[in-house]
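Q:
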Amino acid sequence: NLVARRLSRLATIKGEKNMSKIIPVKDIRVTIGKSEWLVKNVSNLTVNQLCNSKAKKKVVAYGCTCEWSKTIYMNGEIVTDYNYYIEVLKHEITHAIIAEYGYKVKKDFDEETLCDFMASYAEKLEEVIKEYLKKGGDK
Numbered sequence: 622n623l624v625a626r627r628l629s630r631l632a633t634i635k636g637e638k639n640m641s642k643i644i645p646v647k648d649i650r651v652t653i654g655k656s657e658w659l660v661k662n663v664s665n666l667t668v669n670q671l672c673n674s675k676a677k678k679k680v681v682a683y684g685c686t687c688e689w690s691k692t693i694y695m696n697g698e699i700v701t702d703y704n705y706y707i708e709v710l711k712h713e714i715t716h717a718i719i720a721e722y723g724y725k726v727k728k729d730f731d732e733e734t735l736c737d738f739m740a741s742y743a744e745k746l747e748e749v750i751k752e753y754l755k756k757g758g759d760k
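Numbering-wise, the sequence shown is residues 622 to 760 according to this note's numbering.
1. With 16 as the cutoff for other CB atoms within 10 Å, does Gly757 come out buried or exposed?
2. At a cut-off of 7 Å, would you count Ile649 as near the ligand PLP, judging by its Cβ distance to the nearest heavy atom?
3. Hey, is Leu671's beta-carbon within less than 8 Å of any beta-carbon in chain B?
4. Could you pull out every unbroken beta strand (DSSP E) segment of at least 3 residues lying fully inside the region 650–706, listed in chain order?
5. Which residues in the same chain as Tyr683 place their Cβ atom closer than 6 Å to its Cβ, once the five residues preceding and following it in sequence are excluded?
6. Under a three-way DSSP split, which group does Gly757 fall into?
7. Is it buried or exposed, Glu713, if we count other Cβ atoms within 10 angstroms and call 16 or more buried?
8. Look up Tyr742 in the DSSP assignment and say whether it is helix, strand or coil.
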């Protein structure tokens with residue numbers, strides 16, 4: 622797989638110290654709410670095309686969540702540090718949680734709203750991450 626080869630090459634070239642844990646290259650399915658979601662590593666070009674097709678301004682995307690296909694696309698070409706990969710994945714899973722549980726993001730989102738969200742969904746986020754790691758995301 623092209624992404625796997627590039628990740629391996631990048632890790633070798635950069636001498637990444639956090640590469641003792643390898644970023645998974647296989648697709649992994651996780652349960653969020655009552656649905657199954659797919660976490661998929663894709664090329665830089667693919668994730669940016671997906672993200673920028675719905676963005677108001679062009680961005681360099683590290684990940685992208687597609688609600689209708691229930692797929693989280695991770696940019697396996699530029700996110701080569703394992704710890705940062707998990708951080709980006711948590712961000713994308715948060716988008717999926719918002720979609721699955723019908724959380725309405727308010728325009729006047731403030732600290733109290735953030736605290737309410739975390740109190741309600743932080744445990745769910747950690748459960749999904751544990752499932753991901755158990756299924757092969759922790760190599």
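Built from N, CA and C at the ideal position, the CB exists for glycine as well.
A: On the basis of the supplied data:
1. exposed
2. What this structure holds is no ligand at all, so the ligand PLP is not there to describe.
3. Absent here is chain B; the protein component of the structure consists of one chain.
4. 656–663, 684–687 and 692–696
5. Asn696, Val700 and Val709
6. helix
7. buried
8. helix
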